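Visitor: If you're matching them up, the sequences are chains A and B in order. Numbered as in our numbering, the first sequence ends at 101 without a single skipped number. Numbered as in our numbering, the second sequence ends at 473 without a single skipped number. Glycine residues also receive a C-beta, built at the ideal position from the N, C-alpha and C atoms. Owing to the predicted nature of the structure, the values given are computational and were not obtained by experimental measurement. After the C-alpha cells below, expect a handful of questions from me.
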Amino acid sequence: DGGITQSPKYLFRKEGQNVTLSCEQNLNHDAMYWYRQDPGQGLRLIYYSQIVNDFQKGDIAEGYSVSREKKESFPLTVTSAQKNPTAFYLCASSIDGRWSYEQYFGPGTRLTVT
Amino acid sequence: SQKIEQNSEALNIQEGKTATLTCNYTNYSPAYLQWYRQDPGRGPVFLLLIRENEKEKRKERLKVTFDTTLKQSLFHITASQPADSATYLCALYSSASKIIFGSGTRLSIRP
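See the structure below:
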C-alpha cells in the first residue's frame, strides 16, 4: 500500500522544546515538501527537497530545520526559535522536483505547543 | 504584492446542481494551476492541473477553466453530491514564487 505517512497525528509540547515530525514515503518520489496550515489560511511552504541530500528554504523556514539523508524520509524539526509553532503540518511528495507535478500529501500532524 | 484569493465564505449548493468555485490571483504569471480537495483534519488530495496555455480541463464531473487575461480559474462540479462536500484549494506555480496555495473554499452540498 503506497503512500505518505506522518507520525504522530497529534503532538503536544511545552514551549522551549524542539520537536521532530516524521514523514516517510514509499512512492519512490524524488521530491518532498513540508507545509504549515493555520485556520483560515492557505498552505505555506516551509522547506522542500528535490533530491536526496539537498533541500531549500520555502517561504517560512525560520525556526525550522530539515534533513534528507534518505529518499523516503524527510523529517522536520520545529525548534524553540519558531515563534508560533502550533499548527497543522503537512508533508507531501511528488515524482520529481518540477512544480508542474501533482503533490501527494500525508495525513498531517497537529502540533500544539503550550 | 502577489495575492491569491478564493471565496472566503462557504458555498452551499443543492444536490444535483453545479457548484462553481473561484480562484483569483494578482501579480502572478502562473505557469500551472492546480486544484485540491481537503477533508477536515486530512491532507489535500490532487484533483486537476491546468497549464497556462490550456483554457479548460475536464475529469469526470469536474471541470477547470483558466483565464490568464482575467487572472482567474473556475472549478466546476456538475451533478453535485453530498460526498463532494469538502474544502477545495487552488494552488499556483510560477517561476518566481514556487507554489502558492489559496486559503480554500468550503463547499457544502445539501441533499
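Just to confirm the assignment, what range does the beta strand (DSSP E) spanning Gln43(A) have?
Guide: Asp41 to Lys44
Visitor: CB-CB under 7 Å to Thr427(B), same chain, minus the five flanking residues each way: which ones, in chain order?
Guide: Lys417, Glu418, Ser435 and Leu436
Visitor: Rank Thr7(A), Leu14(A), Gly3(A) and Asp25(A) by C-alpha distance to the C-alpha of Phe75(A) and give the top, closest one.
Guide: Asp25(A)
Visitor: How would you list, in chain order, the residues of chain B whose beta-carbon sits under 8 Å from the beta-carbon of Gly95(A)?
Guide: Gly403, Arg404 and Gly405
Visitor: Let's test the definition: count the other Cβ atoms within 10 Å of the Cβ of Pro392(B) and tell me whether it reaches 16, buried, or not, exposed.
Guide: buried
Visitor: Is the number of C-beta pairs between the stretch 371 to 379 of chain B and the stretch 5 to 15 of chain A that are closer than 8 Å three or more?
Guide: no
Visitor: Using only alpha-carbon positions, find the residue among Ala48(A), Gly27(A) and Gly29(A) that is nearest to Ser36(A).
Guide: Ala48(A)
Visitor: For Arg413(B), count neighbouring Cβ atoms within 10 angstroms of its own Cβ and tell me buried if that reaches 16, exposed if not.
Guide: exposed
Visitor: Could you name the residues of chain A that Leu451(B) contacts, counting a contact when the two beta carbons are closer than 9 Å?
Guide: Gly29 and Leu30
Visitor: Let me see if you follow: with CB-CB separation under 7 Å, is Ser435(B) close to chain A or not?
Guide: no
Visitor: Looking only at DSSP bridge pairs, what is Tyr76(A) linked to?
Guide: Tyr76(A) is bridged to Arg23(A) and Thr96(A).
Visitor: Assuming Lys467(B) and Lys433(B) make a contact with CB atoms under 8 Å, what is their CB distance in whole Å?
Guide: This sequence places Thr at residue 467(B); Lys is not what is there. That belief does not hold up - the Cβ atoms of Thr467(B) and Lys433(B) are roughly 17 Å apart, past 8 Å.
Visitor: With DSSP run on the structure shown, which of helix, strand or coil describes Ala381(B)?
Guide: For Ala381(B), the three-state secondary structure derived from DSSP is strand.
Visitor: One question on the structure: do Ala79(A) and Phe92(A) come within less than 7 Å of each other, judged by their Cβ atoms?
Guide: yes
Visitor: When DSSP builds the beta bridges, which residues end up paired with Asn374(B)?
Guide: Ser470(B)
Visitor: Considering only C-alpha positions, which residue in the set Gln43(A), Trp21(A), Gly29(A) and Gly3(A) is nearest to Ser9(A)?
Guide: For Ser9(A), the closest C-alpha among the options Gln43(A), Trp21(A), Gly29(A) and Gly3(A) is that of Trp21(A).
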